[in-house]
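Trainee: Numbering (the UniProt record's numbering), first residue to last: 1 to 932. Ideal Cβ placement from N, Cα and C applies to all residues, glycine included. First the structure, which I've put down as structure tokens, then a few questions once you've had a look.
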């Protein structure tokens, strides 16, 4: 059957059936075909399945003594070659560009290139069955091939390995000649949505002259395509749709697909202030999102979401994947078909932005798959001012689709019916196979990059053509008039009716004084409030019943007795159990208990990142594997076996080697799931700089720009242990620079108990803020870094930890520090026998607990020396932040001087600098040059 599969890929159904008949009884087939298949077998055995070599050997081997039969067979095979060429290369010769002549590709599809001639045009060939025809002339075969592969849609799919997928695509293609037969009502609906798209842009162009709107004109058919796709998706069982797109055409999609009130859009154009508190900044109108519920013509309801998006193109692609996965996990019991992600790209962006590749590599991974995404490229053929020939090296902007074996449909945006057909085809493919599919909607951009830009500066010839080109609505209207579907005055009528609606909304908007911003995914966020800084600094109850904690500890520290594990795993879990029994709970155990307690209370927990199942520093071991079979055992899932604790769900996955894409995914997941503790852990904190755009444009400002809450947690290993510049600093200074009034939590904990309560606090409040935690490395196994079970059960998160052993009356120097540096200072104090130094730990850097710090300071009445100590260089770490907010006392700095790199690559030099910073803490006359 392996041979049959290869033959089916090259020749398909007709020869496949005949070949099976030959295998059963060679004498039952005609002698010429018997010789044909004998040659095929010989080629397969000797050339290992190479298509070209098989063709050559088969052609040479067909010699039955019947020259007529032999020649006929060779011609049949040449026709098959021609058919296969159309399948593979036909997209290069389609009429998909509405404004440019296509490039010339060699070789072309002329029959002479395939060993055929005009003399063969009227010869009947059995090979016609390959494209769903009865035996017919070559002339008819070529005509059918052009209809299928070379009209307004070009399809790329022959690189897909699975024969059943190729077969499905081919059947869909030749069963309707690449064209859906639309009813009169459907054609009128296509036209109406085209009219809305065109009229909406014309209205804005007239009423708001020169204002940026990033018009859709030139790709108007996007609106018709989305309209039909959503209607069909609802009929096929899709309950939730999540769409991400950049600014091009966004206002049109908001108004004509998501039913955003045009009145609100006009208020945004008029620049009216927001109907919200003063510290809400908002965003420009073409970045805003919306959540709506649409009702289809048949009465089906579908929840639709257009995610907010900044100007950093393609970032939102990761976010919508996270939102979609969250909805699938929470709302559809993992049925991916019921939640549909759609990503709308620009042609320059999809081929130029690296995050597209990161997201593409997620599409079939267990931790990130969403059951297939419909990708739509709004192809303007220009990126700002750059021609497509200067913006990519590939033939198409969608060539990244080939990496994931996803089919691509290139479609002429002027052919409205072809566009709708492509959208329906793509949806059906996604629903059938749960895989990604791409649509390259090839159009143009009527104006410049924005409506105030002059495109003729850079593309004068192109824009001369565009200026004379009719819009897609008028082109389709003429077609329908010729078909007798509508009359001449129908377009004028629907245009007037739609304009009158817009006029009404414009008039209403002028009566209002404020712009209303509606929250995104408000259903998910019922019961949650936007918290002030004062609210963030309140104490929250994170205690947990001690008896239940003991029971949970027992469950998660016992390996299944009937499984065999390597000795090291057995010892690690055994040591964890012993440590809890002896009341010496380390970091990894405290983290597990935080997860376990939250799960037992009905919260979900999701943890992803590179190597998080084991943990980069082998401290977690949340997932362990049996020695012989590598069966995965997740001890936290043992809670599911206990009715008392079987409430929440755990999701933990090692991620692909991506920071930008994965953090964007987890931000989106948290955005749609406020009752899930959603965590992304960096392999080293330094590596989070690969996700800086997500931090700058989403995580730090999501509430302030879009009124979205998001509780994503970032665990960033941080600490100077002499491992070089890329394995020391999580760049604390960058996160603190992003902090404003109430936008996120930033913490650097020193005890397992405090980390435990920090994670629990994240879920026990009635609001959500992003949480950045600088987690330790060497402290994961430090003998002093342990906590007691009672501290977990009945403690709370401590924003500041006072010195537990200092004699307040004897202290002269009060030293403030954060994170692991405390233990280095503690060791040095012990070594020097200095009982006049108090070490105060700032566990929460933002919001800075000023009142708690002042209360502690008031205890040390005899102190006359105040120090901020850090292991990072002076121009890094928390020093600059403390200068701004820790200004109620005069203090001195103990740290290294300024450096370009976070740490030295020499372990010896690094330790020398580290020792100098420590020395400065205990010697207030240390060399001032160290801190120039």
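#1: What is the DSSP secondary structure of residue 775, reduced to helix, strand or coil?
#2: Taking only the alpha-carbon atoms, compute the straight-line gap between residue 719 and residue 869 and give it to the nearest angstrom.
#3: Under the three-state reduction of DSSP, which class applies to residue 466: helix, strand or coil?
#4: Given that a residue counts as buried once 16 or more other Cβ atoms are within 10 Å of its Cβ, and exposed if not, what is residue 286?
#5: Using a 10 Å radius around the Cβ and a threshold of 16 neighbouring Cβ atoms, would you call residue 105 buried or exposed?
#6: Can you give me the C-alpha to C-alpha distance between residue 312 and residue 696, rounded to a whole angstrom?
#7: Ordered along the chain, which non-local residues of its own chain (more than five positions away) have a Cβ less than 6 angstroms from that of residue 974?
#8: Taking the beta carbon of residue 937 as the centre, do at least 16 other beta carbons fall within 10 Å, making it buried, or is it exposed?
#9: Shortest alpha-carbon distance to residue 240 belongs to which of 231, 247 and 246?
#10: The beta strand (DSSP E) spanning residue 866 covers which residue range?
#11: Rounding to the nearest angstrom, what Cα-Cα distance links residue 1 and residue 107 in this structure?
#12: Cβ atoms of residue 518 and residue 290: under 8 angstroms apart, would you say?
#13: Are any of the Cβ atoms in chain B nearer than 8 angstroms to that of residue 76?
#14: Quick check on DSSP: helix, strand or coil for residue 201?
#15: With H, G and I counted as helix, E and B as strand and the rest as coil, what does DSSP make of residue 245?
#16: Can you give, in chain order, each stretch of the alpha helix (DSSP H) that sits fully within the segment 743–808 and has at least 4 residues?
#17: Enumerated in chain order, which unbroken segments of the alpha helix (DSSP H) with a length of 4 residues or greater are wholly contained in the segment 335–409?
#18: Starting from residue 291, follow its DSSP beta bridges and name the residues at the other end.
#19: Which same chain residues end up closer than 6 angstroms to residue 725 when comparing Cβ atoms and leaving out the 5 residues on each side of it in sequence?
#20: Which same chain residues end up closer than 6 angstroms to residue 977 when comparing Cβ atoms and leaving out the 5 residues on each side of it in sequence?
#21: For residue 267, is the classification buried or exposed, using 16 other Cβ atoms within 10 angstroms of its Cβ as the cut-off for buried?
#22: Note down the Cα distance separating residue 207 from residue 507, rounded to an integer number of angstroms.
#23: Please confirm whether residue 636 and residue 599 have their CB atoms less than 8 angstroms apart.
#24: Please report how far the alpha carbon of residue 21 lies from the alpha carbon of residue 648, in whole angstroms.
#25: Enumerate in chain order the residues of its own chain whose CB-to-CB distance from residue 225 is below 6 angstroms, with the five nearest sequence positions on each side excluded.
#26: Counting beta carbon pairs with one atom in the segment 745–753 and one in the segment 815–822, are three or more of them shorter than 8 angstroms?
#27: Does the separation of the CB atoms of residue 672 and residue 524 fall below 8 angstroms?
#28: With distances taken between CB atoms, is the gap from residue 780 to residue 595 smaller than 8 angstroms?
#29: For residue 717, list the residues DSSP reports as bridge partners.
#30: Just the Cα atoms here: how many angstroms apart are residue 46 and residue 130?
#31: Along the chain, where does the alpha helix (DSSP H) that runs through residue 454 open and close?
#32: Taking the continuous beta strand (DSSP E) assigned at residue 440, which residues delimit it?
#33: Would you list, in sequence order, the uninterrupted alpha helix (DSSP H) runs of no fewer than 4 residues that lie entirely inside the segment 120–162?
#34: With 16 other CB atoms within 10 Å as the buried threshold, where does residue 732 fall?
#35: I'd like the list of long-range same chain contacts for residue 9, defined as Cβ closer than 6 angstroms, with 5 residues on each side in sequence excluded.
#36: Applying the 10 Å Cβ sphere with the 16-neighbour rule, what's the burial state of residue 100?
Mentor: Checking against the coordinates, here is how it stands:
#1: Position 775 of the chain shown, counting from 1, holds the residue named residue 775. Residue 775 falls in the strand class under three-state DSSP.
#2: To locate residue 719, count along the chain shown from 1; it is residue 719. To locate residue 869, count along the chain shown from 1; it is residue 869. When rounded, the distance between both Cα atoms is 14 angstroms.
#3: On the chain shown, position 466 is the one that residue 466 refers to. Reduced to three states, the DSSP call for residue 466 is helix.
#4: What you label residue 286 is simply residue 286 of the chain shown in a count that begins at 1. With 16 or more Cβ atoms within 10 Å of its Cβ, residue 286 is classed as buried.
#5: Along the chain shown, read from residue 1 onward, the residue named residue 105 stands at position 105. Result: exposed.
#6: As a working note, residue 312 is residue 312 in the chain shown. As a working note, residue 696 is residue 696 in the chain shown. Rounded to whole angstroms, residue 312 to residue 696 spans 10 angstroms at the Cα level.
#7: The displayed coordinates of the chain run from 1 to 932. Any statement about residue 974 would go beyond what the structure contains.
#8: With the chain covering 1 to 932 only, the question about residue 937 has no answer from this structure.
#9: As a first step, residue 240 is located in the chain shown; it is residue number 240 there, counting from the start. Of the candidates 231, 247 and 246, the one whose C-alpha sits nearest the C-alpha of residue 240 is 231.
#10: Locating residue 866 in the chain shown gives position 866, where the first residue counts as 1. Element bounds for residue 866: 865–873.
#11: The residue given as residue 1 occupies position 1 in the chain shown. The residue given as residue 107 occupies position 107 in the chain shown. In this predicted model, residue 1 has a pLDDT of only 37, less than 50, meaning its place in the structure is not dependable; the value taken from the coordinates is given anyway. Distance between the alpha carbons of residue 1 and residue 107 is about 34 angstroms.
#12: As a working note, residue 290 is residue 290 in the chain shown. As a working note, residue 518 is residue 518 in the chain shown. Taking 8 angstroms as the Cβ cut-off, residue 290 and residue 518 qualify as a contacting pair.
#13: Given the protein chain composition of this structure (a single chain), no chain B is represented.
#14: Reading the chain shown from its first residue, position 201 is the one you call residue 201. In this structure, residue 201 counts as helix in the three-state DSSP scheme.
#15: For the purposes of this step, residue 245 is identified with residue 245 of the chain shown, where counting begins at 1. Of the three classes helix, strand and coil, the one that applies to residue 245 here is strand, per DSSP.
#16: 752–764 and 789–794
#17: The segment 335–409 contains, as complete alpha helix (DSSP H) runs of 4+ residues, the segments 347–352 and 355–362 (chain order).
#18: Position 291 of the chain shown, counted from the first residue, corresponds to residue 291. Answer by DSSP bridge pairing, in chain order: 305.
#19: Position 725 of the chain shown holds residue 725. Only 901, 902 and 903 meet the Cβ criterion.
#20: This structure cannot settle anything about residue 977, because the visible part of the chain is limited to 1 through 932.
#21: Walking along the chain shown from the start, residue 267 turns up at place 267. With 16 or more other Cβ atoms within 10 Å, it is buried.
#22: Locating residue 207 in the chain shown gives position 207, counting from the first residue. Locating residue 507 in the chain shown gives position 507, counting from the first residue. Near 12 angstroms, if we compare the C-alpha coordinates of residue 507 and residue 207.
#23: For the purposes of this step, residue 636 is taken as the residue at position 636 of the chain shown. For the purposes of this step, residue 599 is taken as the residue at position 599 of the chain shown. Yes, they are a contact pair.
#24: Position 21 of the chain shown holds residue 21. Position 648 of the chain shown holds residue 648. In a straight line, the C-alpha of residue 21 is about 57 angstroms away from that of residue 648.
#25: Within the chain shown, the letter at position 225 stands for residue 225. So the qualifying residues of the chain are 419, 420 and 423.
#26: yes
#27: Within the chain shown, the letter at position 672 stands for residue 672. Within the chain shown, the letter at position 524 stands for residue 524. In contact: residue 672 and residue 524 (Cβ atoms closer than 8 angstroms).
#28: Position 780 of the chain shown holds residue 780. Position 595 of the chain shown holds residue 595. Contact: no.
#29: For the purposes of this step, residue 717 is taken as the residue at position 717 of the chain shown. DSSP output for residue 717 lists 775 as bridge partner(s).
#30: Looking up residue 46 in the chain shown gives position 46. Looking up residue 130 in the chain shown gives position 130. Note that residue 46 has pLDDT 45, beneath the 50 cutoff, so the model's placement of it is unreliable and the number below is only indicative. The straight-line gap from Cα to Cα measures roughly 26 angstroms.
#31: As a working note, residue 454 is residue 454 in the chain shown. Careful: residue 454 lies outside any alpha helix (DSSP H) and carries neither H nor E.
#32: Your numbering for residue 440 matches position 440 in the chain shown. Segment 437–442, the beta strand (DSSP E) holding residue 440.
#33: 138–149
#34: Here residue 732 corresponds to residue number 732 of the chain shown, with the count starting at 1. Buried: at least 16 other Cβ atoms inside 10 Å.
#35: As a working note, residue 9 is residue 9 in the chain shown. Confidence is the limiting factor: at residue 9 the pLDDT is only 41, short of 50, which leaves the residue's position unreliable, though a coordinate-based value still follows. Excluding positions up to five away in sequence, the list reads 163.
#36: What you label residue 100 is simply residue 100 of the chain shown in a count that begins at 1. That one is exposed.
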